[in-house]
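K.L.:
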Amino acid sequence: MNLLLYVAAVLDPRKKLDYVEFCFIRLCGEDIAKAMKEMVKNCLIRLFEDYAKHDKNSVEVPNLCEASASAMTIDDDFDDPHKALASQFSSYMEQRYSISSKSEVAKYLAESWEAEDDDSKFDILMW
677 MNLLLYVAAV
687 LDPRKKLDYV
697 EFCFIRLCGE
707 DIAKAMKEMV
717 KNCLIRLFED
727 YAKHDKNSVE
737 VPNLCEASAS
747 AMTIDDDFDD
757 PHKALASQFS
767 SYMEQRYSIS
777 SKSEVAKYLA
787 ESWEAEDDDS
797 KFDILMW
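This is the structure in structure tokens:
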């Protein structure tokens, strides 16, 4: 099985990863579909990371390990350990759900898919 065929379907803004999962469910069932969806998603992420590594000027991939370490530093302004923990948790949650902390792949997959009103009028270059 060539995962790139499925990655190509995911890159179609009218299909995305949900369509690939839908097809896998119809062909193989729920359990296999979940595993296949993860394989395709991981392949897409690896391809993007490889691309980003070779073209650092046009694609910025955030280093989540460094960002999470900086968010977990202890703030000496808090005398109460509960307030300090609450502040750290708040920073953690803001970073975790922040759009800016997501890679371009995660942002693309999180966006809704384009409706297929009329395929004959859809132009991928104009999307």
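Here the sequence shown is numbered in our numbering, starting from 677 and rising by one per residue. Each residue gets a CB set at the ideal place from its N, CA and C atoms; glycine is no exception. What you are looking at is a predicted structure, and each value in this text was computed from that prediction instead of being measured.
Shortest alpha-carbon distance to ASN678 belongs to which of ASP707, GLY705 and LEU720?
P.N.:
Selected option, being the one with the closest Cα: LEU720.
K.L.:
Using the Cα positions of TYR727 and ALA786, report the straight-line distance between them to the nearest angstrom.
P.N.:
So the alpha carbons of these two residues sit roughly 20 Å apart.
K.L.:
Quick one: residues in its chain with C-beta nearer than 6 Å to the C-beta of LYS691, no 5 flanking neighbours on either side, listed in chain order?
P.N.:
Contacts found: ALA685.
K.L.:
With a threshold of 16 other CB atoms inside 10 Å of the CB of LYS729, please say whether the residue is buried or exposed.
P.N.:
When all chains shown are included, LYS729 counts as exposed.
K.L.:
Would you mind sorting LEU687 into buried or exposed? The rule is 16 or more other CB atoms within 10 Å of its CB.
P.N.:
Exposed is the call here.
K.L.:
For ASP756 and SER767, what's the separation of their Cα atoms in angstroms?
P.N.:
Roughly 17 Å between the two C-alpha positions.
K.L.:
List the endpoints of the continuous alpha helix (DSSP H) containing ASN718.
P.N.:
Counting along the chain, the alpha helix (DSSP H) containing ASN718 begins and ends at 706-730.
K.L.:
Quick check on the DSSP output: the alpha helix (DSSP H) that includes GLU780 runs from which residue to which?
P.N.:
Looking at the DSSP string, the run of the alpha helix (DSSP H) that includes GLU780 is 780-786.
K.L.:
How many Å lie between VAL781 and LEU693 at the Cα?
P.N.:
If I take the Cα positions, the gap works out to 11 Å.
K.L.:
Helix, strand or coil for ALA685, going by three-state DSSP, please let me know.
P.N.:
Helix at ALA685.
K.L.:
For ALA709, which residues from the same chain have a beta carbon less than 7 Å from its beta carbon, with the 5 sequence-adjacent residues on both sides left out?
P.N.:
Closer than 7 Å at Cβ, skipping near neighbours: GLU697, PHE700 and ILE701.
K.L.:
Would DSSP call LYS691 helix, strand or coil?
P.N.:
In the structure shown, LYS691 sits in coil (DSSP, three-state: anything other than H, G, I, E or B).
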